[in-house]
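Protein chains in written order, with the numbering used here: chain A, 70 to 430; chain B, 44 to 428. Since the structure comes first, as structure tokens, the remarks are kept for the end.
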Amino acid sequence: MAKTGYFARKKEEYQALDAIDRRRYWTDGLLNNALYILMAIFIIFTAVVNKNFLSPSSIVNIIMLAAVSLPMALGIGGCIVLTGTDLSAGRVFGLAAGMSAAFLQNRMASKLIFEHLPATSGGWIILVMLMVMVAGAVIGLVNGFFVAKFSLHPFIVTLATQLITYGIILMFFQINGNGGGPISNVAQEFKNAVSGPCFRIAAWNVSIPWYVIFAIILVALMWFIWNKTRFGKNMFAVGSNMEAAKVSGVNVFLTTMMVHTLAGAMYGYAGFVEAARLGSVTAATGLNNECDAIAACVIGGVSFVGGTGNIGGIVLGVFVLRIIFVALNMLGINPNLQYIIKGAIILAACSLDMRKYLVKK
Amino acid sequence: MKKILALLLAVVMVFALAACGSSSSAPAATAAPAAEAPAAEEAPAAAETKVAVFWYAASDAYLSTVRAALDADLEAAGIAYQDFDGNNNQGTQLEQVQTAVTNGFNVLVVNLVTSGSADAAQQIISAAGDLPVIFFNRAVEGDGEEGTVLNGNDNIAFIGTDAPEAGHMQGKMIGDYLVANYEDVDINGDGEISYAMFMGDASNVEAIYRTQYGVEDANAVLTAAGYPELVYFNASNTDKYQLDPNGAWSSAAGNEFMSTNLAEYSEANGNMIELVIANNDDMALGAMAALQGAGYNDGNGRMIPIFGVDATQPAQDAIAAGGMTGTVKQDAQGMADAICAAVAAIAGGSSVLDASAAVADSADIYSMAEGFNNKIFVAYAPFTA
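Below, the structure written as structure tokens:
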């Protein structure tokens with residue numbers, strides 16, 4: 070009843086418009102939703118050319134790939150809401166992945182980074198996860214401190230910590246005669262706990278790994294933090310107008326620090342999953358990962374203007390990037406062209422996003 | 044509070060600068076004991092030799108093992124050295140070379156960033172002036188321009204691998220394996236083997252050769268034994284390879300491509316990928332992780348053969364555990380030994396050409412490239428167990 074009432078009202082509103090406004094109504098509607106419309110066309114096109122694209126196993130694969138890149142995007146999203154960015158994300162991710170692999174090696178392996186560690190048990194795996202999240206959070210805290218204390222642009226601060234973290238990574242990979250080589254021989258228990266199957270859908274012959282479940286929990290947690298906590302509201306207040314937030318009694322310093330710290334913990338968690346998923350980590354792991362995370366956020370409507378964005382948008386942005394990756398592969402498109410298509414989509418998405426704000430002003 | 048912070052920051056900066064200072068004096072420190080220890084075997088000139096070693100990227104897994112071996116070799120030989128990280132940027136590397144020359148280093152050991160670029164190598168050579176330069180690992184001459192850099196220049200040498208050799212060796216290994224196990228590998232029994240190929244970097248000559256010969260040579264072995272040629276699994280991909288989008292030869296790329304492929308190609312659909320060929324071990328291991336997620340290659344029978352190159356420790360472990368089938372060993376220790384021997388000979392007063400000839404003759408794994416007197420090849424070796 071309420072629904073028909075809504076549509077009837079909309080219809081009345083629409084009929085009240087004159088010809089010019091009607092045309093604007095449609096063009097605005099099209100442009101504001103252009104990303105969704107284009108993605109729908111793209112998905113239909115891919116599915117027509119290659120019917121496997123929408124097969125259950127392919128959809129599960131897209132969900133798995135998205136679950137891998139979600140944590141970093143969720144973390145970096147907060148930095149973008151504050152009109153900032155985080156260039157250190159990929160390296161923090163790499164450090165966390167290296168640490169996770171080193172702390173959770175198979176104790177029987179011939180070459181160990183740390184020789185005296187407890188046997189791999191559930192408790193130790195959780196402890197290592199917390200440890201790498203704390204390590205990430207510490208780097209995030211440093212980022213946040215310098216951004217908030219000295220009013221430095223996060224671009225510069227995180228550029229510096231990116232370099233510092235890379236140096237730490239290179240040193241970490243040389244521990245105990247490893248000489249910078251890959252860290253591998255990750256314990257099977259660790260792999261099972263993170264990337265092993267959580268449950269199996271027999272009808273489709275696919276299994277869902279644990280990290281997909283963790284990603285869903287993480288999305289719910291971040292949604293709660295962003296929308297239902299004082300910290301979340303403060304984050305948006307600082308992002309949309311720092312002076313106004315300060316005057317209204319928001320602790321800008323603390324909020325900025327906490328956003329970056331939370332982001333760092335997220336990168337730490339993402340690296341933890343990566344180590345389990347790949348089983349071998351190199352010093353180059355994580356290089357440039359922040360680019361995809363930032364792109365996903367921006368495609369999903371987290372604007373560099375600040376103060377706008379939501380968790381649903383970030384999830385959508387991550388899925389858009391992953392669908393593009395899978396679809397371009399399934400279409401067998403030349404890798405050179407894939408860069409151009411990806412770049413064009415990011416550019417178009419951001420322009421359309423910005424257009425909304427320009428219209429408002 | 045503000046002042047204390049400012050003071051703290053200033054102290055951090057002083058420490059950072061002090062750290063730079065101490066690292067540049069490190070070679071002097073290593074040189075000091077050197078003067079006494081190896082005096083018996085090396086000429087005293089070794090004490091005056093300062094070697095600068097330029098790495099294309101400190102994060103490279105294989106070259107990290109070379110670096111660990113070379114650092115140990117040079118220390119044992121009592122030669123002062125310093126490592127530089129080009130951070131995958133040819134411009135950075137050139138600036139480092141220029142700075143090192145002005146800083147008094149007198150032997151340059153260069154792992155060129157832009158593999159196969161004669162121009163980049165020439166820039167390094169002109170920046171070095173009359174100092175001896177030993178290039179290693181990454182090619183200094185592209186395909187079809189062999190000799191343009193190395194011939195006619197007596198003050199430089201190259202120690203590396205014959206770029207196409209790894210691809211040839213990988214291809215032959217794949218062919219031999221398939222001929223011996225054809226029925227097992229051909230899961231769907233259609234008489235053809237469908238394969239996936241993962242390429243590390245579109246602009247790297249080694250990657251190009253490996254992508255080409257890994258398949259061509261396998262086909263040659265197969266047709267000689269009366270079998271049909273390999274078939275790329277995805278008919279709509281005319282490149283017949285999947286390329287790491289970052290050109291980083293990474294396991295993440297191998298993993299993501301393979302899991303995407305497996306979503307479409309499976310035994311249930313009767314079009315399972317029956318063979319995986321990767322340009323390096325990292326990509327092979329990434330693909331292996333994806334296959335393991337689908338219940339293959341975990342050592343319990345169901346096995347898709349995977350071939351890589353490099354024989355890194357994780358790959359050797361994977362082969363032992365039944366996850367991977369074979370790889371091609373690039374001898375990191377052999378490479379480091381050759382470089383150190385050449386540097387030591389030059390430090391001892393011999394010419395670059397004499398030093399090269401001596402290294403090439405010193406062991407079976409070294410050989411002088413045909414038509415050169417300063418291009419030393421370190422042999423690859425197949426690794427399957």
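By construction, the Cβ of each residue, glycine as well, lies at the ideal position given by its N, Cα and C atoms. This structure is a prediction, so every number in the text was calculated from the model and none was measured.
Neighbour flag for residue i against chain B, beta carbons, 8 Å
{"i": "residue 180 (chain A)", "result": "yes"}
{"i": "residue 395 (chain A)", "result": "yes"}
{"i": "residue 239 (chain A)", "result": "yes"}
{"i": "residue 351 (chain A)", "result": "yes"}
{"i": "residue 140 (chain A)", "result": "no"}
{"i": "residue 346 (chain A)", "result": "yes"}
{"i": "residue 187 (chain A)", "result": "no"}
{"i": "residue 133 (chain A)", "result": "yes"}
{"i": "residue 382 (chain A)", "result": "no"}
{"i": "residue 98 (chain A)", "result": "no"}
Strand pairing of residue i, partner residues [DSSP]
{"i": "residue 98 (chain B)", "result": "B:128"}
{"i": "residue 367 (chain B)", "result": "DSSP lists no partner for residue 367 (chain B)."}
{"i": "residue 240 (chain B)", "result": "B:320"}
{"i": "residue 353 (chain B)", "result": "B:372"}
{"i": "residue 223 (chain B)", "result": "According to DSSP, which records beta bridges pairwise, residue 223 (chain B) is partnered with nothing at all."}
{"i": "residue 410 (chain B)", "result": "B:420"}
Contact set for residue i: own chain, Cβ-Cβ below 6 Å, skip 5 residues either direction
{"i": "residue 203 (chain B)", "result": "179, 180"}
{"i": "residue 427 (chain B)", "result": "369"}
{"i": "residue 170 (chain A)", "result": "252, 255, 344, 350"}
{"i": "residue 430 (chain A)", "result": "Here residue 430 (chain A) scores only 49 on pLDDT, less than 50, and its place in the model is too uncertain to base an answer on."}
{"i": "residue 140 (chain B)", "result": "167, 170"}
{"i": "residue 227 (chain A)", "result": "155, 156, 157, 212"}
{"i": "residue 198 (chain A)", "result": "341"}
{"i": "residue 284 (chain A)", "result": "136, 139"}
{"i": "residue 416 (chain B)", "result": "396"}
Chain A within 8 Å of residue i, Cβ atoms only
{"i": "residue 328 (chain B)", "result": "yes"}
{"i": "residue 272 (chain B)", "result": "no"}
{"i": "residue 277 (chain B)", "result": "yes"}
{"i": "residue 86 (chain B)", "result": "Residue placement at residue 86 (chain B) cannot be trusted, given a pLDDT of 43 that sits under 50; what the coordinates show is reported in the next sentence. No, residue 86 (chain B) does not count as interfacial toward chain A."}
{"i": "residue 300 (chain B)", "result": "yes"}
{"i": "residue 259 (chain B)", "result": "no"}
{"i": "residue 134 (chain B)", "result": "no"}
{"i": "residue 6 (chain B)", "result": "With chain B represented from 44 up to 428, any question about residue 6 (chain B) goes unanswered, as that position is not in the structure."}
{"i": "residue 266 (chain B)", "result": "no"}
{"i": "residue 303 (chain B)", "result": "yes"}
{"i": "residue 415 (chain B)", "result": "no"}
{"i": "residue 53 (chain B)", "result": "no"}
{"i": "residue 344 (chain B)", "result": "no"}
{"i": "residue 104 (chain B)", "result": "yes"}
Own chain residues within Cβ distance below 7 Å of residue i, not counting five before or after
{"i": "residue 401 (chain B)", "result": "388"}
{"i": "residue 383 (chain A)", "result": "142, 143, 146, 365, 366, 369, 371"}
{"i": "residue 165 (chain B)", "result": "192"}
{"i": "residue 185 (chain A)", "result": "none"}
{"i": "residue 230 (chain A)", "result": "157, 208, 211, 212"}
{"i": "residue 111 (chain A)", "result": "396"}
{"i": "residue 281 (chain B)", "result": "none"}
{"i": "residue 214 (chain B)", "result": "256, 257, 258, 259, 260, 261"}
Closer than 7 Å: residue i CB and nearest the ligand ATP heavy atom
{"i": "residue 172 (chain A)", "result": "What this structure holds is no ligand at all, so the ligand ATP is not there to describe."}
Chain C within 8 Å of residue i, Cβ atoms only
{"i": "residue 325 (chain B)", "result": "The structure shown contains no chain C; its protein chains are A and B."}
Cutoff 8 Å; reference residue i; Cβ partners in own chain excluding five residues on either side
{"i": "residue 322 (chain A)", "result": "217, 218"}
{"i": "residue 83 (chain B)", "result": "Model confidence at residue 83 (chain B) stands at a pLDDT of 39, short of 50, so the residue's coordinates are unreliable and nothing is read from them."}
Problem set entry | Members of the region 346 to 370 of chain B that neighbour chain A once the beta carbon cut-off is set at 7 Å | Here the close residues are 355, 356, 357, 360.
Problem set entry | Touch test, the region 336 to 343 of chain A against the region 159 to 167 of chain A, Cβ-Cβ under 8 Å, three pairs minimum | Touching, per the Cβ criterion.
Problem set entry | Contacting positions in the region 354 to 375 of chain A - beta carbon closer than 8 Å to chain B | Those would be 354, 356, 357, in chain order.
Problem set entry | Cβ contact check for the region 303 to 310 of chain B and the region 206 to 222 of chain B: 3 or more pairs under 8 Å | Counting Cβ pairs under 8 Å, fewer than three are found: no touch.
For this session: Check whether the region 133 to 153 of chain B touches the region 358 to 378 of chain B, counting contact only when three or more Cβ pairs, one atom from each stretch, lie closer than 8 Å.
Result: As far as the Cβ criterion goes, the region 133 to 153 of chain B does not touch the region 358 to 378 of chain B, which means the pair count is below three.
Exercise. In the region 280 to 298 of chain B, which residues sit with their C-beta less than 8 Å from some C-beta in chain A, listed in chain order?
Worked result: Those would be 280, 281, 282, 285, 286, 288, 289, 291, 293, 294, 295, 298, in chain order.
Exercise. What are the residues of the region 231 to 250 of chain B that lie near chain A, defined by any Cβ-Cβ distance shorter than 9 Å?
Worked result: Residues are counted here when their Cβ sits less than 9 Å from a Cβ of chain A; for the region 231 to 250 of chain B these are 242, 245, given in chain order.
Problem set entry | Meets three-Cβ-pair contact criterion under 8 Å: the region 126 to 138 of chain B and the region 403 to 412 of chain B | Of all C-beta pairs linking the region 126 to 138 of chain B to the region 403 to 412 of chain B, fewer than three are shorter than 8 Å, placing the two stretches out of contact.
Problem set entry | Meets three-Cβ-pair contact criterion under 8 Å: the region 312 to 324 of chain B and the region 205 to 222 of chain A | Contact between the region 312 to 324 of chain B and the region 205 to 222 of chain A is absent, because fewer than three Cβ pairs lie under 8 Å.
Exercise. Are the region 294 to 308 of chain A and the region 186 to 195 of chain A touching by the rule of at least three beta carbon pairs closer than 8 Å?
Worked result: Two segments are said to touch when three or more pairs of C-beta atoms, one from each, lie closer than 8 Å; by this definition the region 294 to 308 of chain A does not touch the region 186 to 195 of chain A.
Exercise. Listed in chain order, which residues of the region 396 to 411 of chain A have Cβ atoms closer than 9 Å to some Cβ of chain B?
Worked result: Along the region 396 to 411 of chain A, going in chain order, the ones with a CB nearer than 9 Å to a CB of chain B are 398, 399, 400, 401, 402, 403, 404, 405, 407, 408, 411.
Exercise. Using a Cβ cut-off of 9 Å, which residues of the region 192 to 217 of chain A contact any Cβ in chain B, in chain order?
Worked result: Of all residues in the region 192 to 217 of chain A, none has a Cβ within less than 9 Å of some Cβ in chain B.
Problem set entry | Residues in the region 251 to 263 of chain A having any Cβ partner in chain B nearer than 7 Å | Taking a C-beta cut-off of 7 Å against chain B, the contacting residues of the region 251 to 263 of chain A are 251, 253, 254, listed in chain order.
Exercise. Of the residues that make up the region 266 to 277 of chain A, which ones have a beta carbon closer than 7 Å to any beta carbon in chain B?
Worked result: Only those residues of the region 266 to 277 of chain A whose C-beta falls short of 7 Å from the nearest C-beta of chain B are listed: 274.
For this session: Could you name the residues of the region 110 to 127 of chain B whose beta carbon sits closer than 7 Å to any beta carbon of chain A, in the order they occur along the chain?
Result: Within the region 110 to 127 of chain B, the qualifying residues are 110, 111.
Exercise. Do the region 105 to 122 of chain A and the region 287 to 300 of chain B touch if we need at least three Cβ pairs shorter than 8 Å?
Worked result: No: fewer than three Cβ pairs fall under 8 Å.
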